[in-house]
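>
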Amino acid sequence: MDVMPPEILRILINSTEQADLPSLRLTSKALSSPATARQFEKIHVTPFETSLASYTSIITDSNLSAYVRTVKFTTSEDPNDDDRSDANELELPEDYENALTSVNQFPNLKGIEMEFSIVCSSPSEENWYLSSAAESIDFRFEVLKSLISALNSPQRSGLRSLSLKNLQNFNDERLVNSPDFLATLSSLSELRLKIVTQYIDSSPENNWSLPEMHQFFKELPDVWLKPAAENLESLTIHADTYWGYIPKSDFRSLKFPKLRRLELGNYVFSHDWQLEWILSHGETLEELILDDCPIVSYTYNYGSVDDENYPVNPLEDTAESYQCEYTRSWSHFFTNMKEKLPKLKHFKMGSGDWDEGKNFDGAKWKHIGLTHHSKMPDDPYYGDESYMGFDRGTGPSPWLTLKSYAECVDDRETPQAVLEKGSFNAKEDEDAYQALLDTIQTRS
């Protein structure tokens with residue numbers, strides 16, 4: 001085994017489960033060094049004694065610490081526990097805070113991953129009716145402040161990637177206005193955000209009436225993306241709710257001159273400018289991932305709209321209602337991508353595994369391609385999960401597939417009727433999708 005070719009060694013080590021690497025290190029001298037490198041290239045830290053002790057032993061060992069490329073921090077024992085009953089507010093343990101602030105001591109650190117709880121609390125005492133959460137606004141701030149201040153240091157000039165899973169939809173001014181925050185974002189080539197929102201147990205359809213739902217996504221481009229725009233090569237944004245139209249997030253002021261990879265999750269298309277914005281990155285964009293990103297064909301909401309059919313005040317609750325249509329088809333999107341993204345080498349759309357954010361972590365998708373109930377192109381609801389409707393007041397979610405919309409709403413025009421008035425055609429969508437994939441394949 002000591003004379004095993006290096007390429008065979010790499011295959012062997014890369015196919016070994018993480019739990020088996022310590023044993024593999026002891027198998028032979030040839031395997032010891034590469035197996036050790038793989039075992040410690042990514043370490044996971046939780047706020048518990050054994051994990052923190054392991055972290056300390058690695059960071060204080062000059063040999064082992066040199067292997068570390070990525071550190072993942074998790075703030076709780078089970079971040080996916082969605083129990084929204086009364087919870088005792090967490091305090092940041094001193095040893096965990098020390099781990100956060102010392103992460104800049106890894107000499108070859110390239111990436112940081114932070115995973116919070118999926119349950120978040122309201123920043124306002126007025127929202128007393130919302131579910132409580134152990135990870136309060138202050139707790140999340142203290143975690144991010146400690147981490148970001150450590151990352152903005154001369155030792156960390158090599159940091160390239162920042163991933164924040166279950167980032168609350170609240171921009172804490174104490175954090176986002178700090179020099180450390182701006183400096184850290186500006187140094188990144190990869191930014192990954194999975195956003196979680198507040199939840200009203202008793203009436204989930206009223207989640208869209210919470211100010212933070214709209215304020216965060218409105219500020220998202222300026223607060224999180226503009227500081228990173230110059231150097232960003234890879235951008236991933238997922239959210240636990242559909243976003244883009246309601247709540248609105250406008251990217252038109254953004255341009256990423258180096259962007260090669262873009263991944264959007266639960267992002268909805270409602271206006272031509274959104275496709276045009278993606279196409280504006282045609283000189284650099286090589287990979288485009290759309291995970292559960294439907295076209296919004298129809299909206300029914302309350303209040304007034306501007307000249308682009310966006311709500312003037314999304315929190316307005318009046319008797320006045322409006323209906324909007326968007327009749328673009330996926331065939332239109334695919335055709336434009338084929339013609340105007342000349343460097344695109346990988347395109348994937350469909351539905352990932354959103355359970356526990358597995359899709360954000362790279363898990364296998366549940367479905368690839370146009371999402372549909374029927375595989376028959378002549379079925380009137382073919383592709384209906386690729387086209388959605390928004391009907392405020394419908395619960396538990398105002399977002400409805402075409403089929404469910406037709407079943408729930410019988411006193412006004414349905415999205416299916418809107419699509420039939422537009423250019424929607426299931427076969428044309430499939431043909432354009434395949435043509436895009438065929439074109440991309442010739443570039444590989």
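Note that the sequence shown covers residues 1 to 444 in UniProt numbering.
Cβ coordinates follow ideal geometry from the N, Cα and C atoms, glycine included.
(1) To which residues of the same chain is K421 closer than 7 Å at the C-beta, ignoring the five residues directly before and after it?
(2) Does the separation of the CB atoms of F256 and P227 fall below 9 Å?
(3) Given this structure, state the Cα-to-Cα distance separating K145 from P179, to the nearest angstrom.
(4) Using 8 Å as the threshold, is the stretch 261-268 in touch with the stretch 284-297, meaning 3 or more CB pairs across them?
(5) Would you check if the distance between the CB atom of I118 and the CB atom of P79 is smaller than 9 Å?
(6) Who are the near neighbours of P380 in its chain, counting only those whose CB is closer than 6 Å to its CB and skipping five residues on each side?
(7) Examine chain D for any beta-carbon lying closer than 9 Å to the beta-carbon of E320, and answer yes or no.
(8) Which residue comes first and which comes last in the alpha helix (DSSP H) that contains N63?
(9) Distance, Cα to Cα, L341 vs G282?
(10) Using only the alpha-carbon positions, how far apart do F269 and P93 sit?
(11) Buried or exposed: which applies to R192, given that a residue is buried once 16 or more other Cβ atoms fall within 10 Å of its Cβ?
(12) Whole-angstrom Cβ separation of S153 and N104, contact assumed at under 8 Å?
(13) Distance check for D250 and T70, CA to CA, integer angstroms please.
(14) Hey, how far is the Cα of Q323 from the Cα of I246?
(15) For K248, which residues in the same chain have their Cβ closer than 6 Å to its Cβ, ignoring the five residues on either side in sequence?
(16) Rounded to whole angstroms, what's the CA-CA distance from E320 to Y302? Just pull it up for me.
(17) Would you mind sorting Q168 into buried or exposed? The rule is 16 or more other CB atoms within 10 Å of its CB.
(18) From the DSSP output, in three-state form, read off F216 for me.
(19) If you check the beta carbons only, do E91 and Y67 fall under 9 Å apart?
Answer, in terms of the structure:
(1) Here K421 scores only 49 on pLDDT, less than 50, and its place in the model should not be relied on; the value that follows carries that caveat. T327.
(2) no
(3) 11 Å
(4) yes
(5) yes
(6) At P380 the pLDDT is 48, less than 50, meaning the model places this residue with poor confidence; the figure from the coordinates comes in the next sentence. Excluding positions up to five away in sequence, the list is empty.
(7) The chain inventory of the structure shown lacks chain D, comprising one protein chain alone.
(8) S62 to S65
(9) 4 Å
(10) 42 Å
(11) buried
(12) 5 Å
(13) 32 Å
(14) 14 Å
(15) Y310
(16) 6 Å
(17) buried
(18) helix
(19) no
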